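In what follows, a structure is listed as structure tokens, so that the remarks can point back to it.
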DNA sequence: CGTCGCTTTGAATACGGTCAATTTTTGTGG
DNA sequence: CCACAAAAATTGACCGTATTCAAAGCGACG
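Residue numbers (the UniProt record's numbering), protein chains in the order written: chain A, 1 to 231; chain B, 1 to 231.
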């Protein structure tokens, strides 16, 4: 499963095959940036000037279409890198990154980055790996949305989110993100109404318990079945 | 527009900022591989062992879903790299690459690649850029399919293909690819029937002329309007 | 306690999918 | 060169999923 957040900075793919000492040196070149809920790290189409690693808080990555529609591509939780396009030259951010709560991130500016890539070529190789994972994820999500119906896509998304941020509770796995029906709809490419109906149905089947911006998975296996079963 | 094929090898993003001499050295380490129509360069989920640059022919990149459905992610034409995941360690191909006609490609195996990346760190940076473009393309296509209806998606795809491989003829721009209705359907995430109906409608409006595995764009502006207009 | 935002639910509708039958095109072999 | 088979494309009828619009319910928070 791609984009699993890691718990320690040193475990980031970006630092693969680097020594503790090298990682320490790289980390020293970062600055810390705190931002408030609602603020943006960057906006879609801005020149990609910095690369981030989120260490605290939650960040939404969204993309707007020409006609003003919006889709939610991902929720970033600690510790996960974002804005990796900045590792390439002369790119613009393909998404906007907005803090959903107070956040802290490590930031490397463009010039620092290119120095780092010069000194630690392995970082570039690691960056390729990160990007490769992104490509895979989106190719797969593209394929999914092109071939699967809403119910299945939603089941997959919820399982994915549970995997990413789920916390075990006595009654089941809770998705620890404040996601509205609208947010979920934007993630799977449907409407908030269809999401609401689907969740209600699952709730009546005892699979989940849904609340306001909250989902508790009572019976994961049931969801998996919906996500994978034939037809 | 990402993935524009280039006409000369030296213009590949992969070779950005390298000298003629360096490029020559890199090219010397490639071997040439010819394959027949129908054969595969690699299959989805195979370990990514080589990176390719197509110099002759046409290659289809497809992805299968668990339940056997298939979608066509891209048609590769010369000169375009594919299988770039091999530039990252320990990845598997996310797609299958099948020759649609007799093809020639330059091939770099995994071990050669990592030597090259060591000698020419700039190549890794360039690879990041390539991957970044892929990510952008698929994020955008994902957003499109999630928010736009079939007619618009199809219009966009045809314009994209025309941009990529279109050849001017006295009567209009011809998409120079043997794409069946089924192929187009797989690319935009719909059925061959809907594609057929939509093309017929456009034909009756004088926008295009459609034939068996052939599309001639008579009135590009009309398509652009469908691709971009509000609502 | 009232307002605001999120959520639910119903009814009507439309877009696009499915299935079946037919036509057109292409390529092949006699 | 023609005839025939195979593949691709078209078209119609029907139907189902998901969207749209409207209205009402619920919960959080000042």
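C-beta atoms are modelled at their ideal positions from N, C-alpha and C, and glycine is treated no differently.
Note that the coordinates shown come from a computational prediction; the quantities given were computed from them, not determined experimentally.
Cβ closer than 7 Å: which chain A residues qualify as neighbours of residue i?
{"i": "residue 221(B)", "result": "Those do not exist, as residue 221(B) stays about 17 Å from chain A at its closest Cβ, beyond 7 Å."}
{"i": "residue 138(B)", "result": "135, 138, 139 and 142"}
{"i": "residue 4(B)", "result": "Near residue 4(B) there are no residues of chain A at all, since even the closest Cβ is about 15 Å away, more than 7 Å."}
{"i": "residue 128(B)", "result": "87, 88, 124, 127, 128 and 131"}
Note down, in chain order, every chain B residue with its Cβ under 9 Å from the Cβ of residue i.
{"i": "residue 154(A)", "result": "In chain order: nothing, as chain B lies at least about 13 Å away."}
{"i": "residue 218(A)", "result": "By Cβ distance, chain B contributes nothing, its closest Cβ being about 25 Å from residue 218(A), past 9 Å."}
Where does residue i land, buried or exposed, given buried means 16+ other C-beta within 10 angstroms?
{"i": "residue 237(A)", "result": "The question about residue 237(A) has no answer here: the residues shown for chain A are numbered 1 through 231."}
{"i": "residue 81(B)", "result": "buried"}
{"i": "residue 96(A)", "result": "buried"}
{"i": "residue 141(A)", "result": "buried"}
{"i": "residue 60(A)", "result": "buried"}
{"i": "residue 134(A)", "result": "buried"}
{"i": "residue 181(B)", "result": "buried"}
{"i": "residue 225(B)", "result": "exposed"}
{"i": "residue 91(A)", "result": "buried"}
{"i": "residue 37(B)", "result": "exposed"}
Can you tell me whether DSSP reads residue i as helix, strand or coil?
{"i": "residue 1(A)", "result": "Unreliable positioning characterises residue 1(A) in this predicted model, as indicated by a pLDDT of 47, which lies under 50. The coordinate reading is nonetheless provided below. Of the three classes helix, strand and coil, the one that applies to residue 1(A) here is coil, per DSSP."}
{"i": "residue 185(B)", "result": "helix"}
{"i": "residue 171(A)", "result": "coil"}
{"i": "residue 110(B)", "result": "helix"}
{"i": "residue 216(A)", "result": "strand"}
{"i": "residue 150(B)", "result": "helix"}
{"i": "residue 7(B)", "result": "coil"}
{"i": "residue 231(A)", "result": "Because residue 231(A) carries a pLDDT of 47, less than 50, the predicted location of this residue cannot be relied on, and the following value inherits that uncertainty. Here residue 231(A) sits in coil by DSSP."}
{"i": "residue 61(B)", "result": "strand"}
{"i": "residue 83(A)", "result": "coil"}
{"i": "residue 93(B)", "result": "coil"}
{"i": "residue 17(B)", "result": "coil"}
{"i": "residue 206(B)", "result": "coil"}
{"i": "residue 224(B)", "result": "helix"}
{"i": "residue 98(B)", "result": "strand"}
{"i": "residue 142(B)", "result": "helix"}
{"i": "residue 165(A)", "result": "helix"}
Tell me the rounded alpha-carbon separation between residue i and residue j.
{"i": "residue 56(A)", "j": "residue 107(A)", "result": "13 Å"}
{"i": "residue 45(B)", "j": "residue 86(B)", "result": "12 Å"}
{"i": "residue 213(B)", "j": "residue 41(B)", "result": "24 Å"}
{"i": "residue 159(B)", "j": "residue 227(B)", "result": "9 Å"}
{"i": "residue 231(B)", "j": "residue 67(A)", "result": "Confidence is the limiting factor: at residue 231(B) the pLDDT is only 48, short of 50, which leaves the residue's position unreliable and the question unanswerable from this model."}
{"i": "residue 122(A)", "j": "residue 64(A)", "result": "34 Å"}
{"i": "residue 152(B)", "j": "residue 115(B)", "result": "45 Å"}
{"i": "residue 25(A)", "j": "residue 196(B)", "result": "59 Å"}
{"i": "residue 233(A)", "j": "residue 177(A)", "result": "Outside the displayed span of chain A (1 to 231) sits residue 233(A), for which this structure offers no information."}
{"i": "residue 117(A)", "j": "residue 54(A)", "result": "20 Å"}
{"i": "residue 62(B)", "j": "residue 71(B)", "result": "6 Å"}
{"i": "residue 147(B)", "j": "residue 193(B)", "result": "21 Å"}
{"i": "residue 100(A)", "j": "residue 157(A)", "result": "19 Å"}
{"i": "residue 49(B)", "j": "residue 126(A)", "result": "17 Å"}
{"i": "residue 79(A)", "j": "residue 8(A)", "result": "7 Å"}
{"i": "residue 34(B)", "j": "residue 131(A)", "result": "29 Å"}
{"i": "residue 124(B)", "j": "residue 43(A)", "result": "26 Å"}
Looking only at C-alpha atoms, which of the options sits nearest to residue i?
{"i": "residue 198(A)", "options": "163(A), 5(A), 169(A) and 149(A)", "result": "149(A)"}
{"i": "residue 73(B)", "options": "188(B), 206(B), 194(B) and 225(B)", "result": "188(B)"}
{"i": "residue 208(B)", "options": "153(B), 33(B), 174(B) and 50(B)", "result": "174(B)"}
{"i": "residue 221(A)", "options": "183(A), 31(A), 161(A) and 155(A)", "result": "155(A)"}
{"i": "residue 186(B)", "options": "70(A), 30(A), 51(A) and 143(A)", "result": "143(A)"}
{"i": "residue 136(A)", "options": "113(B), 145(B), 111(B) and 83(B)", "result": "83(B)"}
{"i": "residue 52(B)", "options": "162(B), 19(B) and 110(B)", "result": "110(B)"}
{"i": "residue 76(B)", "options": "14(B), 5(B) and 205(B)", "result": "5(B)"}
{"i": "residue 170(B)", "options": "21(B), 219(B) and 36(B)", "result": "219(B)"}
{"i": "residue 113(B)", "options": "105(B), 27(B) and 205(B)", "result": "27(B)"}
In chain B, which residues lie less than 7 Å from residue i when you measure between Cβ atoms?
{"i": "residue 132(A)", "result": "85, 88, 91 and 131"}
{"i": "residue 63(A)", "result": "139 and 143"}
Please list, in chain order, the chain A residues whose beta carbon lies closer than 9 Å to that of residue i.
{"i": "residue 109(B)", "result": "None at all; the shortest Cβ gap to chain A is about 16 Å."}
{"i": "residue 226(B)", "result": "In chain order: nothing, as chain A lies at least about 13 Å away."}
{"i": "residue 189(B)", "result": "142, 143, 145, 146 and 147"}
I want to verify the contact list: residues of chain B whose CB lies under 8 Å from the CB of residue i, in sequence order.
{"i": "residue 44(A)", "result": "In chain order: nothing, as chain B lies at least about 10 Å away."}
{"i": "residue 71(A)", "result": "142, 143, 146 and 147"}
{"i": "residue 117(A)", "result": "121, 124 and 125"}
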